[in-house]
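See below for the structure under consideration.
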Amino acid sequence: PTTSPSAAPPPPPASPSQLSSEQLALLPEIIAKSKQYNWRFLDKQVVAFAEVFVRDPSPPIEDLRALLDKIGREGTGGAGLSLNMVRLWFKEARNEFGARLEGGGEGGGEGEGEG
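Start counting the sequence shown at 1; every next residue gets the next number (the UniProt record's numbering).
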């Protein structure tokens, strides 16, 4: 497999001891909310997204690419997942939980660059 030298792998999921109590409290809520939508993500993918999200609500596009490669691009029912779907998941999560995660500050960047 060819890997771009500039595409560093995403950081490993945070262990519970590395997350604040606020971040730990949000994880189940983020995962549950994701299941309410018509996403085609597998449960393990949603958990991985949520773990990254509580550490960094606006990860760089390279990290999202590496995360998607790591967790797989096949969703429920064999549906293919795209980078844009992952970006949309993070955007929706920022809209829903960003202000709470950042202590009431700004809700995360809307314009993430590449599309």
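For each residue, glycine too, the CB sits at the ideal point set by N, CA and C.
Check                                                                                                                                     : Outcome
Note down the Cα distance separating Leu101 from Ala32, rounded to an integer number of angstroms.                                        : 16 Å
With respect to the alpha helix (DSSP H) encompassing Arg87, which residues constitute its N-terminal and C-terminal limits?              : Leu83 to Ala93
Between Arg40 and the rest of its own chain, which residues show a CB-CB distance below 8 Å, the 5 nearest in sequence each way excluded? : Gly75, Thr76, Gly77, Ala79, Leu81 and Met85
Comparing C-alpha positions only, which one of Val46, Glu51 and Gln45 sits nearest to Leu24?                                              : Glu51
Does Glu96 come out as helix, strand or coil in the three-state DSSP assignment?                                                          : helix
Of the residues Pro60, Glu62, Leu83 and Leu26, which one's Cα is nearest the Cα of Val47?                                                 : Leu26
Nearest by alpha-carbon distance to Glu92: which of Ser21, Phe49, Glu22 and Leu42 is it?                                                  : Phe49
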